[in-house]
Every structure is written in structure tokens, then in C-alpha cells.
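Student:
In the numbering used here, the protein residues as written are 8 to 91.
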């Protein structure tokens with residue numbers, strides 16, 4: 008399985024990469040450099056508290072998909088034969 012790049016990983020963690028990079032470029036580059044050197048799970052474990060602070064500052068707003076409403080199921084009608 009291929010590991011996500013840093014920007015994709017930020018989106019998975021609900022952090023807006025564009026606003027984070029534009030506001031704190033030095034910190035962004037520092038974290039990106041470390042992310043490129045270690046496994047994503049290891050990076051997450053090491054920087055968990057920092058990630059939470061960044062998430063609060065730069066939330067990634069995703070439009071939620073509306074669930075598709077299905078029509079209710081109807082029982083099939085049994086056709087009775089006509090008798091004379």
C-alpha cells in the first residue's frame with residue numbers, strides 16, 4: 008500500500024494544507040521534512056498533540072455528502088385468479 012503525501016495526509020487529518028502552509032511556512036516545511044522520513048503512523052504518534060493544535064487553527068472544511076434517500080419497499084401484490 009502506498010503512503011499518502013504530506014498534503015493528502017493533512018486532509019485526512021482534517022487540516023487545510025493551503026492555509027497552514029501560507030500562515031506557518033517554516034513549521035509546515037519542518038513537519039513535511041520529518042513526514043517524508045518516517046512512516047505516516049509513526050509521524051502521527053510523534054506529533055499527535057501538535058496535530059490537534061494545527062487542526063483547530065486550520066480546519067479543513069469538507070462538504071458532507073447528503074445520503075441518498077431510497078423509496079420504501081413495497082410488498083408485491085399477489086394476483087388472485089378470477090373464478091366464476
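Virtual Cβ for every residue (Gly too), placed ideally from N, Cα, C.
Everything numeric in this text was worked out from a predicted model, so none of it was measured.
At 4 residues or longer, what runs of the alpha helix (DSSP H) sit wholly inside the segment 31-75?
Tutor: Segments of the alpha helix (DSSP H) lying fully in the segment 31-75: 32-44, 47-53 and 55-64.
Student: When the distance is taken between beta carbons, is residue 42 closer than 7 Å to residue 50?
Tutor: Yes, they are a contact pair.
Student: Considering only residues of the same chain and omitting the five flanking positions on each side of residue 45, which have a CB-CB separation below 8 Å?
Tutor: Same-chain partners within the cutoff: 53.
Student: Please report the distance separating the alpha-carbon of residue 65 from that of residue 47.
Tutor: Roughly 20 Å between the two C-alpha positions.
Student: For residue 88, count neighbouring C-beta atoms within 10 Å of its own C-beta (all shown protein chains included) and say buried if the count is 16 or more, exposed if not.
Tutor: It is exposed - the Cβ of residue 88 has fewer than 16 other Cβ atoms within 10 Å.
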